[in-house]
Amino acid sequence: MFFPLSKLLGFFALPSNVVVVLGLLGVALLATRWRCAGARLAAASLVLVALLGWSPLGNALLIPLEERFPAVEPDGAIAGIVVLGGSITPEVSGARSSVMLNEAAERLTAAAVLARQYPDAKIVHSGGDAAFLLPEGNESVVALRLLADLGVARERLIAEDRSRNTVENAVFSKAIARPQPGERWLLVTSAYHMPRAVGVFRAAGFPVVPYPVDFRTRGPQDALRPFPSIGDGLRRTDTAVREWVGLLVYRLTGRTDALFPAPAGR
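Here the numbering used here is used: the first residue of the sequence shown is 233, the next is one more, and so on.
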């Protein structure tokens with residue numbers, strides 16, 4: 233039940249979707265006796281598109297997420313590496329019989345580098361078919377094929393191919409990894425997603441060492457940096473707002489250990 237609700241909420245957690253829905257509602261009202269209200273809604277929608285697309289709002293919202301867990305090279309022994317899905321477009325990969333990476337590709341390229349640094353570590357790729365209506369294909373199958381092509385021994389690779397969201401990533405990965413007391417497992421995911429992912433893994437009883445990748449900003453200096461195109465700004469704002477909404481909802485439903493998880497000791 234949680235998965236369909238999360239997908240529905242996810243649609244309305246994207247500012248671009250909300251703004252377009254408001255604009256369409258405004259246009260529909262133009263043909264009714266509420267045409268004045270419709271005109272205002274349509275105009276407000278256009279202004280909001282410009283604001284969300286050109287202003288630095290997306291960067292300002294994303295930076296605190298990316299800065300929460302600084303990129304630090306781990307020291308000591310590493311038992312395993314959990315790589316969260318989201319870096320592959322499975323439906324296109326299947327259609328083209330090749331691995332089609334998206335802008336989160338560093339999740340997989342970083343995993344290949346870490347596999348060389350820690351030759352005894354197991355690698356669990358966590359990600360199934362997260363599509364709600366139309367099947368897109370299983371991401372882990374494609375991801376493991378790419379990691380093997382990059383030189384990672386197949387006997388080290390483990391597919392967690394059932395998860396559809398971050399909660400299931402944590403629960404199913406723990407069941408497969410079976411982490412033992414004292415073991416250290418790296419968690420590889422996009423920097424903006426790391427706070428929610430760490431909180432969920434902690435709540436699931438699977439302590440991990442964060443290894444953030446796929447940074448979308450340079451840091452605080454981008455907080456006032458506008459976007460050259462509306463598309464770029466809307467995409468960045470959608471990414472940030474969806475993550476903040478996810479943090480709130482996961483905390484309210486008890487699926488994370490804190491509203492804004494922080495590194496251990498903070």
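For every residue, glycine included, the Cβ atom is placed at its ideal position computed from N, Cα and C.
TODO: Out of V315, A496, F492, E475, state which residue places its alpha-carbon closest to the alpha-carbon of L245.
DONE: Going by the sequence as given, residue 245 is Ala instead of Leu. Comparing Cα-Cα distances from A245 to each of V315, A496, F492, E475, the minimum goes to E475.
Task: Close beta carbons around R428, own chain, < 7 Å, minus the five adjacent residues each side - done: T398, E475, G478, L479, Y482, T488
Task: The alpha helix (DSSP H) enclosing P322, as first and last residue numbers - done: 322-328
TODO: Within 10 angstroms of the Cβ of T485, are there 16 or more other Cβ atoms? Answer buried if so, exposed if not.
DONE: exposed
- [ ] Can you tell me which of the three DSSP states G255 falls into?
- [x] helix
Open item on the list: Quick check: the Cα distance between N401 and E415, rounded to an integer number of angstroms?
Closed with: 19 Å
Task: DSSP state of P302 mapped onto helix, strand, coil - done: coil
- [ ] Buried or exposed for L241, please, with buried defined as at least 16 other CB atoms from any protein chain shown within 10 angstroms of its CB.
- [x] exposed
TODO: Taking 8 Å as the cut-off, decide whether the C-beta atoms of T449 and L294 are in contact.
DONE: yes
- [ ] Report the residue from A385, D470, R377, A455 whose alpha carbon sits nearest the alpha carbon of H425.
- [x] D470
- [ ] Could you name the residues of the same chain whose beta carbon sits closer than 6 Å to that of E338, not counting the 5 residues immediately before and after it, in chain order?
- [x] V445, D446
Open item on the list: Only counting the same chain, and skipping five residues up and downstream in sequence, which positions put a Cβ closer than 8 Å to that of S372?
Closed with: G317, H357, S358, G359, G360, A391, E392, D393
Open item on the list: Could you tell me the alpha carbon to alpha carbon distance between A455 and G290, rounded to whole angstroms?
Closed with: 8 Å
Task: Reference A436; option with closest CA among L284, A407, Q349 - done: A407
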